[in-house]
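Residue numbers (the numbering used here): 38 to 347.
Heads up, the thing below is written out as structure tokens.
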Amino acid sequence: MLPTYRPSGTFTMSFATLLPAAAALGGVLGFVYQLGIHYIAFVKIAVVLWIACGFGAAGIAGLGMRLSKCRSAMIGAGAGAIIGLAAVAAGHVTEFWLKTKSVQGTVTVQEYVKARVDGGWYIGRRSASSSNSFPKKSPDIVGAGVWAVWGVEAVGILALGAWGAARMVSRPYCETCQQWAGKAIVAFAVPWAPADAADKIKQAADIDSLLAISSSPPPEGAAMLPRVPKKGEEAPPKGTEYREMAYTLTGCPVCDDFGVLTVTLVTTKQANKKQIVASRKDLAVNVLIDRAAREKVLAAARVWGGVPVA
Ligand SMILES: [Zn+2]
Numbered sequence: 038m039l040p041t042y043r044p045s046g047t048f049t050m051s052f053a054t055l056l057p058a059a060a061a062l063g064g065v066l067g068f069v070y071q072l073g074i075h076y077i078a079f080v081k082i083a084v085v086l087w088i089a090c091g092f093g094a095a096g097i098a099g100l101g102m103r104l105s106k107c108r109s110a111m112i113g114a115g116a117g118a119i120i121g122l123a124a125v126a127a128g129h130v131t132e133f134w135l136k137t138k139s140v141q142g143t144v145t146v147q148e149y150v151k152a153r154v155d156g157g158w159y160i161g162r163r164s165a166s167s168s169n170s171f172p173k174k175s176p177d178i179v180g181a182g183v184w185a186v187w188g189v190e191a192v193g194i195l196a197l198g199a200w201g202a203a204r205m206v207s208r209p210y211c212e213t214c215q216q217w218a219g220k221a222i223v224a225f226a227v228p229w230a231p232a233d234a235a236d237k238i239k240q241a242a243d244i245d246s247l248l249a250i251s252s253s254p255p256p257e258g259a260a261m262l263p264r265v266p267k268k269g270e271e272a273p274p275k276g277t278e279y280r281e282m283a284y285t286l287t288g289c290p291v292c293d294d295f296g297v298l299t300v301t302l303v304t305t306k307q308a309n310k311k312q313i314v315a316s317r318k319d320l321a322v323n324v325l326i327d328r329a330a331r332e333k334v335l336a337a338a339r340v341w342g343g344v345p346v347a
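Written out as structure tokens, the structure is:
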């Protein structure tokens, strides 16, 4: 197996200063999220907002931790969970404010929570208060169910925040230059791939085997890319399959000694006369590329019309 990039687990203490700022942004995220939940009554949209809030927490935490040059997945996950928690807390404070701002006198948190838990939810309607205009049996979700929904909501946002931020800080980083690998240096695709190419790439023990299919021309009669036929043209038969091997080289923006290569099999299939479907499968992810290997990848890219991305 070829060595692949693993985050070093190192971090700088500047994450401690960035974390409160990120948590404040997480609070803003929770406020906006809750406004959406409060004013949009559709359950499906609420689920979309919920997932978006989780990704938002991950993005804020991940960017903050990347700014502090944190390469520890654990600290990334912790930060993601903290930002998620800030968003969830801000969301509940926002809802408390929205529900009590027009109420005369003071409402204690206990009174508010009891009213919410007893009032429950009518699926598809904004809140229990709508029940006055829509007389209905008891709420669809009430009591322990309300707590369960709040629990699932919180756990989902925390988990998504933790997972996403951990992924973001685990992206390639050049330890020599203290730089994150930026955009792809070069990306190219060998526009055909034999049926056994995927297995060969998965088992590749060196960079030459990884690039092997890029060094030979396509064989006679290699499968053509399925496409929507022009007028008067025959469509390729249903099920015609076309395999493309895509290579993406990412690396240090400063030196040539640190790079990672990801190889993806892109399969395109003629589903019917007018429709083609493509699927992608990563065969090798973030294989470490030194200076010598980098030259080989760049040479292959030149042959196959690789597009310099940066
Ligand atoms: Zn470097």
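No residue lacks a Cβ here, since even glycine has one placed at the ideal position from N, Cα and C.
Bear in mind that the values here come from a model prediction, so they are computed numbers and not experimental data.
Can you give me the Cβ contacts of threonine 213 inside the same chain, cut-off strictly under 8 Å, excluding the 5 residues immediately before and after it? Only Cys289, Cys292, Asp294 and Phe295 meet the Cβ criterion.
Quick one: grab the DSSP three-state call for glutamine 312. In the three-state reduction of the DSSP assignment, glutamine 312 falls in the coil class.
Is glutamine 216 near ligand 1, going by C-beta to nearest heavy atom under 7 Å? Yes, the beta carbon of glutamine 216 sits closer than 7 Å to at least one heavy atom of ligand 1.
Top-ranked residue by Cα proximity to aspartate 236, from Gln147, Ile250, Phe225 and Asp327: Ranking Gln147, Ile250, Phe225 and Asp327 by Cα distance to aspartate 236 puts Ile250 first.
Mind pulling the alpha helix (DSSP H) runs of 4 or more residues that sit fully within the region 135-218? Complete alpha helix (DSSP H) runs here, min 4: 146-156 and 181-206.
By DSSP, does alanine 94 sit in helix, in strand, or in coil? Correct three-state label for alanine 94: helix.
Go to valine 340, then tell me how far its beta strand (DSSP E) extends in each direction, as first and last residue. Unbroken run through valine 340 is the alpha helix (DSSP H), 328-340; no beta strand (DSSP E).
Measuring only from the beta carbon, is threonine 213 closer than 7 Å to any heavy atom that is part of ligand 1? Result yes, Cβ under 7 Å from ligand 1.
Please list, in chain order, all residues of the same chain as histidine 75 whose beta carbon is under 7 Å from its beta carbon, the five residues on each side excluded. The answer, listed in chain order, is Glu132 and Leu135.
Is the closest heavy atom of ligand 1 to the C-beta of aspartate 327 under 7 Å? With a cut-off of 7 Å, the C-beta of aspartate 327 is classified as distant from ligand 1, since no heavy atom of the ligand falls inside that distance.
Take every Cβ of the region 200-207, pair it with every Cβ of the region 95-114, and state whether three or more of those distances are shorter than 8 Å. Here the region 200-207 makes contact with the region 95-114; the two share three or more CB pairs at distances below 8 Å.
Where glycine 128 falls, given that 16 or more other Cβ within 10 Å makes a residue buried: Result: buried.
Could you compute how far the alpha carbon of alanine 118 sits from the alpha carbon of glutamate 271? One C-alpha to the other measures close to 55 Å.
Check threonine 47 in the structure and name its three-state DSSP category. Here threonine 47 sits in coil by DSSP.
Kindly indicate which residue of Ile313, Gly182 and Val84 has the alpha-carbon position closest to the one of glycine 276. Measuring from the Cα of glycine 276, the nearest candidate turns out to be Ile313.
N- and C-terminal bounds of the alpha helix (DSSP H) containing tyrosine 76: Its alpha helix (DSSP H) spans residues 52-76.
According to DSSP, which residues form a beta bridge with threonine 299? Beta-bridge annotation (DSSP): threonine 299 is paired with Thr285.
Coarse secondary structure for aspartate 319, derived from DSSP in three states: When secondary structure is reduced to three states using DSSP, aspartate 319 falls in the strand class.
Using only the alpha-carbon positions, how far apart do serine 167 and phenylalanine 92 sit? Confidence is the limiting factor: at serine 167 the pLDDT is only 49, short of 50, which leaves the residue's position unreliable, though a coordinate-based value still follows. Taking the Cα positions, serine 167 is about 31 Å away from phenylalanine 92.
Distance, serine 316 Cα to glycine 52 Cα: For the sequence presented, residue 52 should be read as phenylalanine rather than glycine. Their Cα atoms are separated by approximately 38 Å.
For threonine 348, which residues of its own chain have a beta-carbon under 6 Å away from its beta-carbon, when the five flanking residues on both sides are left out? Because the chain here runs from 38 to 347, residue 348 falls outside it and cannot be looked at.
Quick one: give me the first and last residue of the alpha helix (DSSP H) that isoleucine 238 is part of. Per DSSP, the continuous alpha helix (DSSP H) segment holding isoleucine 238 begins and ends at 234-240.
Cβ of valine 314 versus every heavy atom of ligand 1: is any distance shorter than 7 Å? Flag unset: Cβ of valine 314 not near ligand 1.
Are at least three pairs of beta-carbons, each pair with one atom in the region 215-232 and one in the region 185-198, less than 8 Å apart? Verdict: no, contact absent.
If distances are taken between C-alpha atoms only, which option among Glu281, Val324, Thr305 and Ala308 comes closest to threonine 41? With distances taken between Cα atoms, threonine 41 lies closest to Val324.
Nearer than 7 Å: is that true of the beta carbon of valine 297 relative to any heavy atom of ligand 1? Not under cutoff, so the answer is no.
Quick one, are the C-beta atoms of leucine 104 and leucine 56 less than 8 Å apart? Contact: no.
Between the C-alpha atoms of glutamate 148 and valine 130, what's the straight-line distance to the nearest angstrom? Rounded to whole angstroms, the gap between the alpha carbons of glutamate 148 and valine 130 is 14 Å.
How is the alpha helix (DSSP H) around isoleucine 244 delimited, first residue to last? Looking at the DSSP string, the run of the alpha helix (DSSP H) that includes isoleucine 244 is 244-248.
Straight-line CA distance for valine 179 to glycine 63? When rounded, the distance between both Cα atoms is 29 Å.
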